[in-house]
Amino acid sequence: MTDPVVAKKSRTLPFAARFQTFLIGFMAIGFVLVAQQQREGLYQIGLIVLVVAAFLQIAFGNIPASANFATSLKLLGLTWLIVAAVFGLGIWLAPRLVELGR
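In structure tokens form, the structure reads like this:
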């Protein structure tokens, strides 16, 4: 006989897949807050929610859904490092290109 506790497979999703599902819900809440027309404060909160969720979705969209928590955090850090480097390069390069155009 097999022990039902041992034979039962775990059906929990890996961390990255669960977090991507959470982000989709988080973005939906942000859209609802932006779409409402009664309170400007809720609109502003919704806009912040959408921006944060979009940046996280960019990162987690490039992480394999099968990744565990530690791997997800490592890849998230790497993604943010790459994004920061691109932004930094743009900030450094923009004034120099403007000077070349004068």
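Reading the sequence shown from the start, the letters are residues 146 to 247 in the working numbering. Yeah, the Cβ is synthetic: ideal placement off N, Cα and C, and Gly gets one too. Small disclaimer: the values here were computed from a predicted structure and weren't measured.
Using a Cβ-Cβ cutoff of less than 6 Å, which residues in the same chain neighbour residue i once the five nearest sequence positions on both sides are dropped?
i: A204; result: L221 and T224
Could you check the C-alpha separation between residue i and residue j for me, to the nearest Å?
i: F200; j: A229; result: 12 Å
i: A161; j: E244; result: 44 Å
i: Q202; j: L234; result: 22 Å
i: V177; j: I193; result: 13 Å
i: F216; j: G175; result: Residue 216 is actually Thr in this sequence, not Phe. Computed Cα separation, rounded: 27 Å.
Please classify residue i: does DSSP put it in a helix, a strand, or coil?
i: L238; result: helix
i: R163; result: helix
i: Q181; result: coil
i: A215; result: helix
i: A210; result: coil
Tell me whether residue i is buried or exposed, calling it buried when 16 or more other Cβ atoms sit within 10 Å of its Cβ.
i: F164; result: buried
i: A212; result: buried
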